[in-house]
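Remarks on the structure that follows.
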Amino acid sequence: MAPKQPNSGLFVGLNKEHITTRKELAPRPSNRKGKTSKRVHFARSLIREVARFAPYEKRITELLKVGKDKRAVRAKKKREEMSSALRKMRAGGGGEKKK
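Quick note: the sequence shown uses UniProt numbering, first residue 1, plus one each step.
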């Protein structure tokens with residue numbers, strides 16, 4: 001579909017209507033939904049640093065290492081987070097050290 005032509009100010013024709021300027025609307029609060037704030041991100045990263053991974057998160061990382069992404073689908077929300085953590089571990093050259 002072609003983009004709408006600006007109004008001509010005429011009474012008749014394809015682009016009839018008054019010539020007006022578009023009003024800039026303020027962003028709605030619903031546009032921010034799902035975005036984590038700096039404070040929440042910091043708190044989560046601190047907890048992750050102290051407490052490490054939960055058992056189910058460790059299992060997801062193992063499934064991702066083996067290549068069974070479909071099994072990790074059950075925890076889909078965490079799958080992206082865990083795969084990024086796995087990438088960081090590989091880039092860092094080790095990751096978690098066993099006792």
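Think of the CB as a built atom: it goes at the ideal place given N, C-alpha and C, for glycine as much as any other residue.
_For the pair the region 36–44 and the region 57–67, tell me if three or more CB-CB distances fall below 8 angstroms._
no
task = With a threshold of 16 other CB atoms inside 10 Å of the CB of K98, please say whether the residue is buried or exposed.
result = Residue mapping note: residue 98 aligns to position 98 of the sequence shown, counting from 1. Caution applies to K98, whose pLDDT of 48 falls short of 50 and renders its modelled position unreliable; the value that the coordinates give is listed next. Under this definition K98 is an exposed residue.
Which of the three DSSP states, helix, strand or coil, is assigned to H41? Position 41 of the sequence shown, counted from the start, is the residue given in the question as residue 41. Three-state DSSP puts H41 in a helix.
Less than 8 angstroms between C-beta atoms, sequence neighbours within five positions excluded: which residues of the same chain meet that for residue 103? No answer is possible for residue 103: the residues shown for the chain start at 1 and end at 99.
Separation of T20 from Q5, as counted between CA atoms: As a working mapping, residue 5 is identified with position 5 in the sequence shown. As a working mapping, residue 20 is identified with position 20 in the sequence shown. Answer to the nearest angstrom: the Cα atoms are 13 angstroms apart.
Starting from L64, trace the alpha helix (DSSP H) both ways and give me its first and last residue. On the sequence shown, residue 64 is found 64 positions in, with the first residue counted as 1. P55 to V66 is the span of the alpha helix (DSSP H), which, as asked, contains L64.
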